[in-house]
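Residue numbers (the working numbering): 17 to 256.
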């Protein structure tokens, strides 16, 4: 694995046009790229394509990274790789089903859930067809479309909300939370040892500030100030 100083040196050379340095950075960081793209498996994009997109995001990270900032390069890379894949899925990802059929399938799903909640049984094909004023064959076609690849960023049109995509309608624990958690974990791993101990003891081992202060040999006030500073820096990185 490359050290921080060696990584920064390669980034400088890569930004100056050194292709060999770019290749070395990609090869050394391939495990990181693969760990990010695995979250997008089974979303309608082939693994090899995901890896190529991840590498494109990585190369953009190289070009845009400011070596003067006191930030680990790996922390900067993750959101860039994620952003490149999400952009492709939103704008270029192949959609095999017409928007009208996909929209109808989503509406049928919502109607079916509401029907079951009210009647304690599943709606029949005839009841679904009657509700939407379509044939039973059209209901089956729309429901079968769920088996075809559909981008998470397909517009969700239920006649009520504008500008939303399918992923916007998922429960918070099912959509992009895992991406933020992944990025946060990487940020914590790259904190200075003292700062990492404070965060881990405070939020993973439920230690009080006083207990942490005793462990580190500092005052509770110092721990409080350090904790606030660390959290603020983490928040800025996540939002940035």
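A virtual CB, placed ideally from N, CA and C, is assigned to each residue, including glycine.
Keep in mind the model is a prediction, meaning the values are calculated, not measured.
Here's a check: name, in chain order, each residue in its chain whose Cβ is nearer than 7 Å to the Cβ of residue 79, leaving out the five neighbours to either side.
31
Same chain only: Cβ atoms within 8 Å of residue 251, ignoring 5 sequence neighbours per side:
none
To test your reading of the DSSP string, which unbroken alpha helix (DSSP H) runs of 4 or more residues are found completely within the region 50-125?
63-80, 89-107
Using CA coordinates, which residue listed in 125, 88, 51 is at the minimum distance from residue 208?
88
Leaving out five residues before and five after residue 77 in sequence, what residues of the same chain have Cβ atoms less than 8 Å from its Cβ?
89, 92, 93, 96, 97
Starting from residue 26, follow the alpha helix (DSSP H) in both directions and report where the run begins and ends.
20-31
CB of residue 226 within 8 Å of CB of residue 236, strictly
yes
Whose C-alpha, out of 103, 71, 219, 212, is nearest the C-alpha of residue 42?
71
Alpha helix (DSSP H) segment containing residue 227, residue limits
225-232
Quick check on the burial criterion: 16 or more other C-beta atoms within 10 angstroms. Buried or exposed for residue 53?
buried
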